[in-house]
Amino acid sequence: MAVRTQWTVKHSCSHQVVHDLSNRPADRRAGFARWLAGRDCTGCWQAARDADTGSKEEWLAAKRAEEQHAAIEWAKKFDMPQLEGPEKALDWGERSRHQLMTSAHAALVIEGSWDEADWAELEEKARSITRAGWWIDQREAEGADLLELLDAAGENDRGTENPFR
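Pasting the structure below:
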């Protein structure tokens, strides 16, 4: 007599589903059916996954909006210039600049030995970098490295009053 291939499983979500387990070895079908019984059925599992995905997307959008608002407020407060670049990069560049500058302030002034004059000099150098892509490229840098990174920035990363450059 052959081991059955169709198993009726009552899932933890209380749905009863007939599963075709013919693709499993005969000696593992009963154990797999037991395992399935401890899980939601496919429909309930997908519904829960889709609900989680929606909330993650909403959470991420809210987080990005909050970070963007903080970056814009910070830029206004410290008289940072508008960034330049493709429209898609501007918001990301603003957030990256804000995060790196905040990290640098914490590392160099709060935890380090810099005074306000040293920080004001670094801020002035940071104001000269207006290319959003530069800030995005530096997004994973350590805050303590910002002065060296600013000194190494190229002419294409710095703003200019010349509209024809």
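Letter by letter, the sequence shown follows residues 382 to 546 in this note's numbering.
Built from N, CA and C at the ideal position, the CB exists for glycine as well.
Remember, it's a predicted structure, so these values are computed and weren't measured experimentally.
Same chain, Cβ closer than 7 Å to ALA443, five either side skipped, listed in chain order: none
Distance between TRP440 and LYS528 (C-alpha atoms, nearest Å): First, the amino acid is wrong: residue 528 is Leu here, not Lys. If I take the Cα positions, the gap works out to 34 Å.
Which of helix, strand or coil DSSP assigns to THR389: strand
ASP401, enclosing beta strand (DSSP E) - first and last residue: 397-401
Range of the contiguous alpha helix (DSSP H) that encloses LEU481: 468-486
Per-residue DSSP class, three states only, for GLU521: coil
Own chain partners of CYS425 with C-beta closer than 6 Å, once the 5 adjacent residues on each side are dropped: CYS394
Inter-residue CB distance, GLY514 and GLY474 (contact presumed, cutoff 8 Å): 7 Å
Length of the line joining the Cα atoms of ALA487 and ASN537: 28 Å
Close-in-space but distant-in-sequence residues of the same chain around VAL490 (CB under 6 Å, 5 per side omitted): TRP500
Nearest-angstrom beta carbon gap, ARG430 and GLY466 [assumed within contact, 8 Å]: Their Cβ separation, rounded to whole angstroms, is 36 Å, which puts GLY466 and ARG430 out of contact at 8 Å.
Beta-carbon contacts of ALA498 that lie in its chain and below 8 Å, excluding the five residues immediately before and after: Its chain contains no residue whose beta carbon lies nearer than 8 Å to that of ALA498 once the 5 sequence neighbours on both sides are disregarded.
Integer Cβ distance of TRP388 from LEU402, believed to fall under 8 Å: 5 Å
ARG539 (DSSP reduced to helix, strand or coil): strand
Cβ shell of MET482 (< 7 Å), same chain only, five flanking positions each side left out: ALA507
Which of helix, strand or coil DSSP assigns to GLU549: In this structure the chain extends from 382 to 546, so residue 549 is not present and cannot be described.
ALA485 to ASP526 span [Cα, whole Å]: Their Cα atoms are separated by approximately 8 Å.
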